[in-house]
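> In my numbering, the protein residues as written are 459 to 613. Backbone N, C-alpha and C fix where the C-beta goes; we use that ideal spot for every residue, glycine too.
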Amino acid sequence: MPSGVAALFRAVITGTDFEPSNRMLEDLTEEQASFVIEGAPYSIAKLVAHLCWWQDLSLERLEGKGGLQKFSMDEQWPEAPYGRWKDLVRHYLDGESRALAFAETIDLDALAPTGETNETVLQRLVLHNIYHLGQIALLRQVRGLWPVAGGDDLW
Numbered sequence: 459m460p461s462g463v464a465a466l467f468r469a470v471i472t473g474t475d476f477e478p479s480n481r482m483l484e485d486l487t488e489e490q491a492s493f494v495i496e497g498a499p500y501s502i503a504k505l506v507a508h509l510c511w512w513q514d515l516s517l518e519r520l521e522g523k524g525g526l527q528k529f530s531m532d533e534q535w536p537e538a539p540y541g542r543w544k545d546l547v548r549h550y551l552d553g554e555s556r557a558l559a560f561a562e563t564i565d566l567d568a569l570a571p572t573g574e575t576n577e578t579v580l581q582r583l584v585l586h587n588i589y590h591l592g593q594i595a596l597l598r599q600v601r602g603l604w605p606v607a608g609g610d611d612l613w
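See the structure below:
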């Protein structure tokens, strides 16, 4: 039987209760994704770069690498290189699929190098992704980039 955390990743990927993650990102142009709204701390592209950084760290932990470390805000919030938006989106979506594969196959009770269970690492990752995808939805709405291509305005 699939785990609850796998169901959460599937919900994000397929859009069970909200727009699927790929539709939230793939229809944006580089210019739209890189624009910083006045008063906002970052662009959608910078949010996705942060999502990739955090997701990569979590996946490494699930692979048995790394450990409990502290990272500076600059490390956790890398710049989104202009001209690489589509690559950044693909990196995020590929990582999301890898996380789902881990959630479906890994021993959830085994300990990651951080001392947490694999399930806890996956739960934190999916919650982190959902949190920032919600910010992306809000930034899109404020910019008039809603609904997403192929979506509707229903929640």
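State whether the segment 501–509 contacts the segment 584–593, with contact taken as three or more CB pairs (one from each stretch) at a distance under 8 Å.
Touching, yes, given that three or more Cβ pairs across the two stretches are closer than 8 Å.
> Do you know how far the Cα of Leu526 is from the Cα of Ala561?
Their Cα atoms are separated by approximately 21 Å.
> Give the straight-line distance between the Cα atoms of Ile502 and Leu569, rounded to the nearest whole angstrom.
About 33 Å.
> Between the C-alpha atoms of Ser461 and His549, what's the straight-line distance to the nearest angstrom?
About 24 Å.
> According to the Cβ coordinates, are Val606 and Met482 closer than 7 Å?
In this structure, Met482 lies closer than 7 Å to Val606 by Cβ.
> Kindly indicate the opening and closing residues of the alpha helix (DSSP H) around Arg481.
Counting along the chain, the alpha helix (DSSP H) containing Arg481 begins and ends at Ser479 to Leu483.
> Using a threshold of 7 Å, state whether the C-beta atoms of Ser516 and Val579 are closer than that.
Going by C-beta atoms, Ser516 is nearer than 7 Å to Val579.
> When you compare only the Cα positions, how much space is there between Ala538 and Asp545?
Straight-line Cα distance between these residues: approximately 10 Å.
> For Leu486, write down the residues that DSSP places opposite it in a beta bridge.
According to DSSP, which records beta bridges pairwise, Leu486 is partnered with nothing at all.
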